[in-house]
Amino acid sequence: MPEDRLRELAGPEKREKKKEERKWPPLDKAEPGKVVTRVAPEPNGYPTIGHAKGLLVPFIYARLYNGKFLLRFEDTNPRVERLEYFDAIREDFSALLEAAERELGLSPGRWDQEVIESYYLPKMYELAEQLIRQGDAYVCTCPAEKVRSYRKEGKECEHRDQPVEKNLELWEKMLEGEFKEGEAHLRLKTDMRHPNYTMRDPGIFRIVDAPHPIHGDRYRVYPTYDFSISVMDSLTGVTHAFRSKEFEPHVEVQRTILRKLGLREYEMIQFGRITMEGIPISKRYIRPLIKAGILDGWSDPRVPTLKGLFRRGITPEALVRFFYELGPSKVDATINFESLAAMNRKVLDPVAPRYMFVPDPVKAVVEGLEVLKAEVPVHPDREDRRVIELTEPSVYIALKDAKSLREGQEVRLRGLATVKVRHVGPDEVSLRVSEEQRISGIQIIQWAPYGNATPVRVMNPTSPYSYEMLGGYGEPAMRELRKGDMVQLLRIGFARVDSEEPLTLILSHR
RNA sequence: GCUCCGGUGGUGUAGCCCGGCCAAGCAUAGGGGCCUUUCGAGCCCCAGACCCGGGUUCAAAUCCCGGCCGGAGCACCA
712 MPEDRLRELA GPEKREKKKE ERKWPPLDKA EPGKVVTRVA PEPNGYPTIG
762 HAKGLLVPFI YARLYNGKFL LRFEDTNPRV ERLEYFDAIR EDFSALLEAA
812 ERELGLSPGR WDQEVIESYY LPKMYELAEQ LIRQGDAYVC TCPAEKVRSY
862 RKEGKECEHR DQPVEKNLEL WEKMLEGEFK EGEAHLRLKT DMRHPNYTMR
912 DPGIFRIVDA PHPIHGDRYR VYPTYDFSIS VMDSLTGVTH AFRSKEFEPH
962 VEVQRTILRK LGLREYEMIQ FGRITMEGIP ISKRYIRPLI KAGILDGWSD
1012 PRVPTLKGLF RRGITPEALV RFFYELGPSK VDATINFESL AAMNRKVLDP
1062 VAPRYMFVPD PVKAVVEGLE VLKAEVPVHP DREDRRVIEL TEPSVYIALK
1112 DAKSLREGQE VRLRGLATVK VRHVGPDEVS LRVSEEQRIS GIQIIQWAPY
1162 GNATPVRVMN PTSPYSYEML GGYGEPAMRE LRKGDMVQLL RIGFARVDSE
1212 EPLTLILSHR
């Protein structure tokens, strides 16, 4: 981390800052070395591109300020949480943070500490009891609809003025399992006529009758979001808590909880949400598509989960650059895939080896070939070359190219020869090596050696609901490709190897 | 209905808090050119925008008022 940037960010004269830095404005009340931020995902599904912002914004600030960054699992609704999601989050977040270290020099590229909220449950029960004893919380046994309508009308229910002893007794019963789910909850006593709805005696603990992925049925009373987030942030030393802006109305509730408990307060900062152009991003939309078998699980390359994007060949580096340039802005951002693809191209272009892949292959016989061998550069910026052996003087070319050829036209078979078109038949093309080999400005097309080519399939995701599968041949060296390799298929686009047997690539973008 | 955010080139956005350095930045898509025995890539260039109406001011994308349009939130989920 360059020292001068840190100084600029921390400095008070923000107007002197350069445009580049403006996207990451200094944090209020932030002292270098003392900032603690966190990301707090609920392990209720696979992280999506939306989570990337929630991860990167606090991470970038933590590193810019030489502070600490925490990963906290908000596992307080066991009904929807699963162990596999904890792991998916760890995996995908790691990939992103490691990339942030490589791309932006924000080091170390990992979280400094992991916190699992459910381990704090006993502590949270203590705090709940404290609130009850102070007369700031009461157990309400009204049915949900009644609570809703009273809240709307600004009416107080009969439980609100129960004596402390009664509340303590009911609270014990909640903990001991004498109430069923939905029969009782603990509410904060604030003001039932408060203009901010979320402030009208919000529920802070409720019963969830489902096994917890870590603790099984050890607990059945869980805190709600407002209680857990404020208490946890305070307890774990967070100085600047980021969340997406739909939580703005909750700031007041959370501050109230902290004040009543006498816990340390901290900065709460909201940022805009991420959506993706034309692609359903929310789990609500994706889940049915998976169930219906339209999508191949949460890592389907058409799904904007991090796993899906990675599988499609969108690199963590590109995502990091993208979000770094997007900044911590409060406005909702719509990502268009083209921009992300452009970012990815910048990452891949300098490193991805080039290969020739021929979709819809057509045989082309080449007359006059003297050497049954071609040499092609692995990458235009590199010296190393790859030799392609031909078993006979014939190659495959793409049907689309074959159709565009006219008799007498000259084209270049990349790395092999410049040829003149003699005849284009329905299933065979006849070519002849030209007299003049160096002709500038002619079309260069890719090919694969007939009889020695590698069968390759390329999946091209076209929408969240569909894809096209291109079948064809690649040059022999493609046999050596391994799952996860990124390549550029000449004149087609960048692609990632998805499986080796059969060799299948997923097209990332052109 | 209530509350809170927004409306900037074709698209996605920066700038707005703290008015002048903004005849508005970036990216993407578009047009043109260059390179070429890699490429549908890259490089260079071009064109293109402050929702509307009032007000304040020497000066408004930026502040104020009104309108129109769009989004989000209003759980015993997070």
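Note that our numbering has the first sequence beginning at 712, numbered continuously upward.
Quick reminder that beta carbons are idealized off the backbone N, C-alpha and C, glycines included.
Residue i, enclosing beta strand (DSSP E) - first and last residue
i     : result
V1076 : 1072 to 1078
M1170 : 1165 to 1174
V932  : 932 to 934
H870  : Per DSSP, H870 belongs to no beta strand (DSSP E) and is neither H nor E.
I1203 : Segment: none, I1203 is in no beta strand (DSSP E) and carries neither H nor E.
L1181 : 1177 to 1185
E1212 : Careful: E1212 lies outside any beta strand (DSSP E) and carries neither H nor E.
P1088 : 1084 to 1088
A1109 : 1105 to 1109
I1005 : Taken as a continuous stretch (DSSP letters only), I1005 belongs to no beta strand (DSSP E), as it is neither H nor E.
A741  : It is not in any beta strand (DSSP E) - A741 carries neither H nor E in the DSSP assignment.
T852  : No beta strand (DSSP E) contains T852, which DSSP labels as neither H nor E.
E753  : It is not in any beta strand (DSSP E) - E753 carries neither H nor E in the DSSP assignment.
E1100 : 1096 to 1100
Three-state secondary structure assigned by DSSP to residue i
i     : result
G1019 : helix
Q1157 : coil
Q824  : strand
E1049 : helix
M1067 : coil
S1010 : helix
G948  : coil
E732  : Residue placement at E732 cannot be trusted, given a pLDDT of 45 that sits under 50; what the coordinates show is reported in the next sentence. In the structure shown, E732 sits in a helix (DSSP, three-state: H, G or I).
R726  : Residue confidence is low: R726 scores 30 on pLDDT, short of 50, so the model does not pin down where it sits. No coordinate-derived value is stated.
S1219 : strand
V942  : helix
L717  : Note on L717: pLDDT 32, under 50, position unreliable in the model; no value is reported.
M712  : Its pLDDT being 28, under 50, M712 is placed unreliably by the model, and the measurement read from it follows with that caveat. Coil.
A1276 : Any question about residue 1276 goes unanswered here, given that the chain covers just 712 to 1221.
R1264 : Coverage of the chain is limited to positions 712 through 1221, which leaves residue 1264 absent and any answer about it impossible.
R1193 : coil
V791  : helix
Candidates the options: closest to residue i by CA position
i     : options                    : result
L1127 : I1156, P934, S955, L1192   : I1156
E876  : R898, P854, Y849           : Y849
V1135 : R1125, D1196, K1111, V768  : K1111
V1087 : E1186, E1147, P833         : E1186
V932  : I1108, R917, P924          : R917
V747  : P769, R1093, M910          : P769
N755  : L842, A811, P924           : P924
G973  : L842, P1027, L1216, D902   : L842
P758  : I1203, G1019, R970         : G1019
Y1179 : G1152, L1216, E1211        : For the sequence presented, residue 1179 should be read as Glu rather than Tyr. Comparing Cα positions, the closest option is L1216.
E959  : D920, R984, R970           : R984
R1133 : R1125, R1149, A1113, A1206 : A1113
H1220 : I1150, R1032, I1025        : I1025
K1232 : D902, H896, L838           : Residue 1232 lies beyond the stretch modelled for the chain, which goes from 712 to 1221, so this question has no answer here.
V1077 : I1153, P854, E1103         : E1103
S1145 : A839, G1152, R1123         : R1123
Opening and closing residue of the alpha helix (DSSP H) in which residue i lies
i     : result
Q841  : 832 to 844
A1029 : 1027 to 1037
Y861  : 855 to 864
L807  : 794 to 815
I760  : 760 to 775
(request) Give, in chain order, every unbroken run of the beta strand (DSSP E) that is at least 3 residues long and sits entirely within the segment 950 to 997. (result) 951 to 955, 978 to 982, 985 to 987
(message) Taking contact to mean 3 or more Cβ pairs, one atom from each stretch, closer than 8 Å, check whether the segment 803 to 810 and the segment 826 to 843 are in contact.
(response) no
(request) Taking 8 Å as the threshold, find out whether the segment 787 to 794 comes into contact with the segment 995 to 1011 through three or more Cβ pairs. (result) no
(message) Please give the ranges of any alpha helix (DSSP H) in the segment 1112 to 1162, keeping only runs that are unbroken, at least 4 residues long and fully inside the region.
(response) none
(request) Would you check if the segment 1011 to 1027 and the segment 1171 to 1188 touch, i.e. whether three or more CB-CB distances between them fall below 8 Å? (result) yes
(message) Between the segment 1149 to 1163 and the segment 1098 to 1113, can you find at least three pairs of beta-carbon atoms closer than 8 Å?
(response) yes
(request) Just list the beta strand (DSSP E) runs in the segment 869 to 940, keeping only unbroken ones of 3 residues or longer that don't cross its boundaries, in chain order. (result) 896 to 899, 914 to 918, 932 to 934
(request) For the segment 1036 to 1052 and the segment 1070 to 1083, state whether three or more C-beta atom pairs, one from each stretch, are separated by less than 8 Å. (result) no
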